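Q: My numbering numbers the first residue of the sequence shown as 24 and each following residue consecutively.
Virtual Cβ for every residue (Gly too), placed ideally from N, Cα, C.
Note that this is a predicted model, so its numbers are computed, not measured.
Next up is a structure, given as structure tokens.
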Amino acid sequence: QDCCVCGKRGAAVLCREMGCERSFHLPCAAKGGCVTHYHIRNRYLLSPPRQHHRARTQHLSPHPSLLSSPSAFCSQHSPVQVVEAAPERDTTCIICLDTLEDHQMSFRTLVCPVCKNAWFHRGCIQDQALRDGTTNFRCPHCRDKTAFQGGMLAIGVHIPFR
Numbered sequence: 024q025d026c027c028v029c030g031k032r033g034a035a036v037l038c039r040e041m042g043c044e045r046s047f048h049l050p051c052a053a054k055g056g057c058v059t060h061y062h063i064r065n066r067y068l069l070s071p072p073r074q075h076h077r078a079r080t081q082h083l084s085p086h087p088s089l090l091s092s093p094s095a096f097c098s099q100h101s102p103v104q105v106v107e108a109a110p111e112r113d114t115t116c117i118i119c120l121d122t123l124e125d126h127q128m129s130f131r132t133l134v135c136p137v138c139k140n141a142w143f144h145r146g147c148i149q150d151q152a153l154r155d156g157t158t159n160f161r162c163p164h165c166r167d168k169t170a171f172q173g174g175m176l177a178i179g180v181h182i183p184f185r
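This is the structure:
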């Protein structure tokens, strides 16, 4: 299939919205405003050690939750953040301190779902999530962890398990 972002063939990720025929390449997703969700509770579980005297190693086996496919949404059906206000004209990203280009809510402009005072670029908060992982990823302003991670996951920010 053709990618709805770059137009090239070989797009394997399909929009999950019922009736939508759009597909895209995974590397094109962020550039095109597409969202991919990976809901994995446990990546691997250790199986019990073998009782043989010859082999005393533990083996990794995939957890059954890995067998479910990820959710993916094209730019027309991707989840959007619902907020009551838009950023003011001189609002800066709390991470990079650059002015936000979009002065309304968009795919690239996000706000903390908890304190609603911290605005950031999607790319900046995604980079922070990749660095921090589930252990340390939290709002850079209010420091909330649990609700913040849930809100970011819901709109497609990938937080690696570590």
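#1: Please report the residue range of the alpha helix (DSSP H) in which F202 lies.
#2: In the DSSP assignment, what are the bridge partners of D25?
#3: What residue range is occupied by the uninterrupted beta strand (DSSP E) comprising A52?
#4: Could you check the C-alpha separation between C43 and F171 for me, to the nearest Å?
#5: Report the start-end ranges of each beta strand (DSSP E) in the segment 90-128 that is 3 residues or longer and not cut off at the edges.
#6: Is F184 buried or exposed, if buried means 16 or more other CB atoms sit within 10 Å of its CB?
#7: Could you tell me the alpha carbon to alpha carbon distance between F143 and D121, rounded to whole angstroms?
#8: Please name the residue in G30, Q24 and C29 whose C-alpha comes closest to that of L37.
#9: Less than 7 angstroms between C-beta atoms, sequence neighbours within five positions excluded: which residues of the same chain meet that for F47?
#10: Do R145 and L153 have their beta-carbon atoms positioned less than 8 angstroms apart in this structure?
#11: Since A141 and P163 should fall inside the 8 angstroms C-beta cutoff, what is the C-beta to C-beta distance between them, to a whole number of angstroms?
#12: First and last residue of the beta strand (DSSP E) that includes H60?
#13: Should I63 go down as buried or exposed, given a rule of 16 or more other Cβ atoms within 10 Å for buried?
#14: Identify the residues that DSSP records as bridge partners of T157: which are they?
#15: Identify every residue that forms a DSSP beta bridge with H48.
A: This is what the structure holds:
#1: Missing from the structure shown is residue 202; the chain here goes from 24 to 185 and no further.
#2: R32
#3: Segment: none, A52 is in no beta strand (DSSP E) and carries neither H nor E.
#4: 30 angstroms
#5: DSSP runs (the beta strand (DSSP E)) wholly in the segment 90-128: 94-96.
#6: exposed
#7: Just so you know, the alpha carbons of F143 and D121 end up roughly 9 angstroms apart.
#8: That would be Q24, whose Cα lies nearest to the Cα of L37.
#9: Closer than 7 angstroms at Cβ, skipping near neighbours: C26, C27, V28, A34, V36, G55, C57 and C97.
#10: no
#11: That belief holds up - the Cβ atoms of A141 and P163 are roughly 6 angstroms apart, short of 8 angstroms.
#12: Run containing H60: V58 to H60, per the beta strand (DSSP E) assignment.
#13: Only weak support is given to the placement of I63: the predicted model assigns it a pLDDT of 49, under 50, and the value that follows is read from those uncertain coordinates. Label assigned to I63: exposed.
#14: DSSP, once it has assigned bridges, lists no residue as partnering T157.
#15: DSSP, once it has assigned bridges, lists no residue as partnering H48.
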